[in-house]
Amino acid sequence: MIEILTPDQIDRARTTGALVGDILHGIKERVKPGTNLLEIDVWAKDMILGAGAESCYVDYAPSFGRGPFGHYICTAVNDAVLHGRPRDQRVAAGDLLTLDLAIKTSGVAADAAISFTVGGAPHAENDALIRATEEALAAGIEAAQPGARIGDISAAIGDVLTGAGYPVNTEFGGHGIGTTMHQDPHVSNIGRAGRGYRLRPGLMLAIEPWVMVDTDELKVDEDGWTLRSATGCRTAHTEHTVAILESGNEILTRPTR
Numbered sequence: 001m002i003e004i005l006t007p008d009q010i011d012r013a014r015t016t017g018a019l020v021g022d023i024l025h026g027i028k029e030r031v032k033p034g035t036n037l038l039e040i041d042v043w044a045k046d047m048i049l050g051a052g053a054e055s056c057y058v059d060y061a062p063s064f065g066r067g068p069f070g071h072y073i074c075t076a077v078n079d080a081v082l083h084g085r086p087r088d089q090r091v092a093a094g095d096l097l098t099l100d101l102a103i104k105t106s107g108v109a110a111d112a113a114i115s116f117t118v119g120g121a122p123h124a125e126n127d128a129l130i131r132a133t134e135e136a137l138a139a140g141i142e143a144a145q146p147g148a149r150i151g152d153i154s155a156a157i158g159d160v161l162t163g164a165g166y167p168v169n170t171e172f173g174g175h176g177i178g179t180t181m182h183q184d185p186h187v188s189n190i191g192r193a194g195r196g197y198r199l200r201p202g203l204m205l206a207i208e209p210w211v212m213v214d215t216d217e218l219k220v221d222e223d224g225w226t227l228r229s230a231t232g233c234r235t236a237h238t239e240h241t242v243a244i245l246e247s248g249n250e251i252l253t254r255p256t257r
């Protein structure tokens with residue numbers, strides 16, 4: 001289903017998106033070497049419920065997972081990149097940590113992800129991965145204009161990722177979002193410009209470039225959820241929810257501070 005939201009729903013999505021951004025960056029500020037992934041999940045739960053919001057993950061049970069997910073945030077470390085199910089694991093200085101969060105308020109969802117190095121010290125491999133996903137996200141958002149096509153977004157993202165020397169997986173990518181978290185259209189992280197669904201005002205998209213250093217293949221953890229690079233290489237993932245407007249687009253998941 002491709003959902004076109006009303007102006008009132010887009011306005012409510014602004015509130016949801018700002019909360020997503022604030023929770024993600026609030027958690028990032030609290031993470032330090034020795035932080036447990038289960039501790040991060042408790043922080044996310046407290047912040048979501050404290051704001052009167054609803055988790056999109058706790059009861060999430062799609063066909064590709066071993067559901068329900070049962071947690072409030074995705075936490076992926078180093079070679080993990082997508083659907084990272086929180087577990088009893090402490091992060092160390094230099095680890096590459098990805099946090100992915102989707103919530104709903106007033107009946108409208110928003111979804112975003114950030115990757116960062118635990119401890120904050122420069123780390124050449126981490127920094128290159130994160131920079132590539134952030135630049136790819138910026139390019140994808142720039143291409144997400146009313147009247148453009150999904151393929152324009154995919155091509156813009158893919159040009160940045162392949163230009164940085166990274167292979168691109170096509171199994172998982174961005175997606176439509178609205179009154180539910182995952183909707184059509186699928187937004188691949190590589191593609192051909194001028195192809196696919198034409199973007200219309202009222203469409204919301206979760207655009208999410210992610211990469212692995214030396215492979216485009218994934219493997220699944222025994223938890224049935226966490227997706228890791230097949231070679232054990234490091235990974236990064238950056239995501240924003242974007243609304244297509246008459247005048248262009250708007251990033252909804254920036255933090256307010």
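In full-length UniProt numbering, the protein residues as written are 1 to 257.
Cβ atoms here follow ideal geometry from the backbone N, Cα and C, with glycine treated the same way.
All values reported here derive from a predicted model rather than from experimental measurement.
Under the assumption that residue i contacts residue j (Cβ atoms under 8 Å), give the Cβ distance between them as a whole number of angstroms.
i, j, result
"Leu19", "Ile103", "7 Å"
"Thr235", "Ala93", "With a Cβ gap of about 18 Å, Thr235 and Ala93 do not count as contacting."
"residue 283", "Gly194", "The chain is shown only over 1 to 257; residue 283 falls outside these bounds and no answer can be derived."
"Glu239", "Ala113", "4 Å"
"His237", "Ser115", "6 Å"
"Leu252", "Arg14", "6 Å"
"Val118", "Val31", "6 Å"
"Asn78", "Asp95", "6 Å"
"Ala132", "Ala164", "4 Å"
What does DSSP give as the partner residue(s) for residue i in the beta ladder?
i, result
"Cys74", "Asp100"
"Arg198", "Arg149"
"His83", "Beta-bridge pairing links His83 to no other residue."
"Val220", "Leu227"
"Met204", "Ala243"
"residue 337", "A query on residue 337 cannot be resolved here, the shown segment of the chain reaching from 1 to 257 and no further."
"Asp11", "In the DSSP output, where bridge partners are listed per residue, Asp11 has none listed."
"Ala235", "Correcting the residue type first, residue 235 is Thr in the shown sequence and not Ala. For Thr235, which the question treats as bridged, DSSP gives the partners Met212."
"Ala92", "Answer is none; Ala92 lacks a bridge partner."
"Gly248", "Leu245"
"Ile2", "Asp184"
"Thr105", "Val108"
Starting from the C-beta of residue i, find all residues in its chain whose C-beta is less than 6 Å away, skip the five residues before and the five after it, and write them out in chain order.
i, result
"Arg198", "Arg149"
"Arg254", "Gly21"
"Ala144", "Ile153, Val242, Asn249"
"Pro86", "Leu37, Leu38, Asp41, His71, Thr75"
"Arg90", "Gly34, Asn36"
"Asp100", "Cys74, Ala113"
"Thr16", "Thr105, Val108, Ala110"
"Phe69", "Tyr57, Tyr60"
Within the same chain, show all residues whose beta-carbon is closer than 7 Å to that of residue i, passing over the 5 residues directly before and after it, in chain order.
i, result
"Met181", "Cys56, Ala102, Ala109, Asp111"
"Asp214", "Thr231, Cys233"
"Gly65", "His83, Gly224, Trp225"
"Phe172", "Leu82"
"Gly174", "Val187, Leu205, Ala206, Ile207, Glu208"
"Gly67", "Tyr60, Ala61"
Output needed for residue i: all residues of its chain with C-beta closer than 8 Å, excluding positions within five of it in sequence on either side, in chain order.
i, result
"Leu245", "Ile10, Pro146, Pro201"
"Ala155", "Ala143, Ile190, Gly191, Arg192, Ala193"
"Ala88", "Checking the sequence shown, residue 88 turns out to be Asp, not Ala. Correct list, in chain order: Asn36, Leu37, Leu38."
"Ile2", "Gly176, Gln183, Asp184, Pro185, Tyr197, Leu203"
"Gly107", "Gln9, Arg12, Thr179"
"Ser257", "Reading off the sequence shown, one finds Arg at residue 257, where the question assumed Ser. Contacts found: Asp22, His25."
### Query
Is the number of C-beta pairs between the region 206-218 and the region 228-243 that are closer than 8 Å three or more?
The region 206-218 is in contact with the region 228-243.
### Message
Which runs of the alpha helix (DSSP H) at least 4 residues long sit entirely within the region 118-182? Give them in chain order.
### Response
124-143, 150-163
### Message
To test your reading of the DSSP string, which unbroken alpha helix (DSSP H) runs of 4 or more residues are found completely within the region 15-81?
### Response
For the region 15-81, whole alpha helix (DSSP H) runs of length 4 or above, ordered along the chain, are 37-50.
### Message
Contact between the region 129-140 and the region 45-54 is defined here as three or more beta-carbon pairs at a separation below 8 Å; is this criterion met?
### Response
no
### Task
Decide yes or no for the touch test of the region 175-186 against the region 201-209: beta carbon pairs closer than 8 Å, at least 3 of them.
yes
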